[in-house]
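> Protein chains in written order, with our numbering: chain A, 6 to 253; chain B, 6 to 253.
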């Protein structure tokens, strides 16, 4: 990760057996990470853990001390396996019960006959939590201290991020530039190592790919300093020209 | 997670800034998880961490004590940002250098002129590690104690798993049955909670979905005991019949 004087970092805790069993493919990490980067926050760790209260409590308490922001995804629905809200209350030693404002939001969202016990459960959370507005499906997310609890369904999660932007105070934004080459990593490893050593303020990533029979490498240069990225990319372009490597 | 007398568990450590920045979508968790489940091993934690030696060492040392098997993905290629092998050597306090057998494999794989410094680096690892055969692209993975180091490129990783099967000693296999309903979670939360309380030896997951305008819920019943799954599913079918909920 790039070190800057104004570095702000974050972690995600994905709560859900369905991701661990391979039944469901996580799509939220990429969405949250890109959204955070635009706000000047670097995602530095992700944990995927099961729906077990003790495990959630331990991980939340461990992770919240290490990062400026923590996002949890999943486990805030109406069924018996949705135990995130209760676990967060336990982690922070807070009262768990009906959250007045959340209850009122859900009461308005559903007609009287449709406001079932299951739906009422979605208003149960740490009673003093701040709420995260949900424009898609009513049931709000919530915030306790630096922990932001979001649902697991990608479309709903995505719709809730916009309303959070004014709550996140980021640092310098990480910029990036990608150069994609028709080559294999071994051919560029040595010059790339030298360039990385020259430009300490950048982070150069090298990512091989094999797509539809085509082999290539994407070089990604990341930094908070756009001039440094420009100079670094110039050096990369010089050596690929010298080595007669084609770009894609 | 389901408790059985013969429970064998595992964790994955994904090493790669490209996953954390959202540039690359991880596809390996689902593949490894399903492969492990067939062998009777439950995946219980995943961590995604950056390409930073200190972070890798800390996480490997922390995780290897907690689980029967640990799999790392990524960071074993030829470029400067591939630091998994060196970090694993450090975590286990082992000598890092050219692994004789790995060197010999790569020497045979490439012609003399093509065996560049970059490619030779892929033979550098803990010198006493066991190797994992790579039928796709030559460069082997390696094993130290209960830590299995695999590449990040999904097609290569997948091709290497077959050769590992005789090294994994699993417990009882977790079986599962899915019932998919045209309903929303709140409608089934209460009866499902009761059934979960009745069948303690099963784990019932409830997963809502919103696809192409269609709303539904998949109920997944998991257990090592197929008779228990059958009885539990019978109870679920009884209540959905009673509530006149359609299956999909």
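Heads up, the beta-carbon is just placed ideally off N, CA and C, and yes, glycines get one too.
Values in this document were obtained by computation on a predicted structure and should not be read as measured data.
Whole angstroms are fine: how far does the CA of residue 62 of chain A sit from the CA of residue 201 of chain B?
Their backbone Cα atoms lie some 22 angstroms apart in a straight line.
> Mapping the DSSP letters down to three states, classify residue 244 of chain B as helix, strand or coil.
Three-state result, residue 244 of chain B: helix.
> Just checking: is the beta-carbon of residue 74 of chain A within a distance shorter than 8 angstroms of some beta-carbon in chain B?
Answer no: the Cβ-Cβ gap between residue 74 of chain A and chain B never drops below 8 angstroms.
> Excluding five sequence neighbours on each side, which residues of the same chain lie with their C-beta closer than 8 angstroms to the C-beta of residue 131 of chain B?
Taken in chain order, the residues that qualify are 90, 93, 94, 97, 99, 100, 101, 104, 147 and 149.
> Going by DSSP, what residues sit across from residue 223 of chain A in a beta bridge?
The partner list for residue 223 of chain A (beta bridge, DSSP) reads A:185 and A:212.
> Can you name the residues that DSSP bridges to residue 47 of chain A?
Paired residue(s): A:14.
> Helix, strand or coil: which one does DSSP assign to residue 252 of chain B?
Here residue 252 of chain B sits in strand by DSSP.
> How do the stretch 164-180 of chain B and the stretch 224-239 of chain B stand: do at least 3 beta-carbon pairs fall below 8 angstroms, yes or no?
Cβ pair count under 8 angstroms is three or more, so yes.
> Whose C-beta lies closer than 7 angstroms to the C-beta of residue 133 of chain B among residues of the same chain, with five residues either side of it excluded?
Counting only Cβ-Cβ distances below 7 angstroms, and skipping sequence neighbours, we find 99.
> Please state the DSSP three-state secondary structure of residue 109 of chain B.
Three-state result, residue 109 of chain B: helix.
> Since residue 191 of chain B meets chain A, which of its residues come closer than 7 angstroms, beta carbon to beta carbon?
Near residue 191 of chain B (Cβ distances below 7 angstroms), the residues of chain A are 83, 121, 123 and 124.
> Report the CB separation of residue 28 of chain A from residue 50 of chain B in whole angstroms; it is logged as a contact under 8 angstroms.
The pair is not a contact, with the Cβ atoms about 16 angstroms apart (cut-off 8 angstroms).
> Anyone know if the C-beta pair for residue 80 of chain B and residue 21 of chain B falls short of 8 angstroms?
Taking 8 angstroms as the Cβ cut-off, residue 80 of chain B and residue 21 of chain B qualify as a contacting pair.
> For residue 160 of chain A, count neighbouring Cβ atoms within 10 angstroms of its own Cβ and tell me buried if that reaches 16, exposed if not.
Flag for residue 160 of chain A reads exposed.
> Let me check understanding here. Comparing Cα to Cα, which of B:213, B:206, B:208 and B:204 lies closest to residue 193 of chain B?
For the residues B:213, B:206, B:208 and B:204, the minimum Cα distance to residue 193 of chain B belongs to B:213.
> How is the alpha helix (DSSP H) around residue 1 of chain B delimited, first residue to last?
Look at the range of chain B in this structure, 6 to 253, and you will see that residue 1 of chain B is not part of it.
> Are residue 197 of chain A and residue 184 of chain A touching if we call contact CB-CB under 8 angstroms?
Contact: no.
> Determine, using beta-carbon pairs with one atom in the stretch 150-170 of chain A and one in the stretch 60-76 of chain A, whether at least three such pairs fall under 8 angstroms.
Counting Cβ pairs under 8 angstroms, three or more are found: they touch.
> Where does residue 114 of chain B fall in DSSP's three states?
It is helical.
> Can residue 18 of chain A and residue 64 of chain A be called in contact, C-beta distance under 8 angstroms?
Yes, they are a contact pair.
> To the nearest angstrom, report how far apart residue 126 of chain B and residue 120 of chain B are at their CA atoms.
Roughly 10 angstroms between the two C-alpha positions.
> Can you check which of these residues, A:16, A:60, A:135 and A:46, is closest to residue 106 of chain A by C-alpha distance?
The shortest Cα separation from residue 106 of chain A among A:16, A:60, A:135 and A:46 belongs to A:135.
> So which of A:244, A:117 and A:157 has the shortest CA-CA distance to residue 195 of chain A?
Out of A:244, A:117 and A:157, A:244 has the C-alpha closest to the C-alpha of residue 195 of chain A.
> Can you name, in chain order, every residue of its own chain whose Cβ lies under 6 angstroms from the Cβ of residue 223 of chain A, other than the five neighbours on each side?
Once the five neighbours on either side are set aside, the close Cβ partners of residue 223 of chain A are 183, 185 and 212.
> Determine which residues of the stretch 204-215 of chain B have a Cβ less than 8 angstroms from any Cβ of chain A, and write them out in chain order.
Flagged, chain order: 208, 209, 210, 211, 212, 213, 214 and 215.
> In three-state DSSP terms, what is residue 235 of chain A?
Looking at residue 235 of chain A - three-state DSSP - the assignment turns out to be helix.
> With DSSP collapsed to three states, give me the class of residue 228 of chain A.
Strand at residue 228 of chain A.
> Given a threshold of 16 other Cβ atoms within 10 Å of its Cβ, counted over all protein chains shown, does residue 217 of chain B qualify as buried or as exposed?
Looking at its Cβ environment, which holds fewer than 16 other Cβ atoms inside 10 Å, residue 217 of chain B is exposed.
> Say whether chain B places a C-beta atom closer than 8 angstroms to the C-beta of residue 86 of chain A.
Closer than 8 angstroms to some Cβ of chain B, the Cβ of residue 86 of chain A qualifies, so yes.
> For residue 55 of chain B, collect the residues of the same chain with a Cβ closer than 7 angstroms to its Cβ; drop the 5 residues on either side in sequence, then sort them by chain order.
Closer than 7 angstroms at the Cβ level, and outside the excluded window around residue 55 of chain B, lie 22 and 25.
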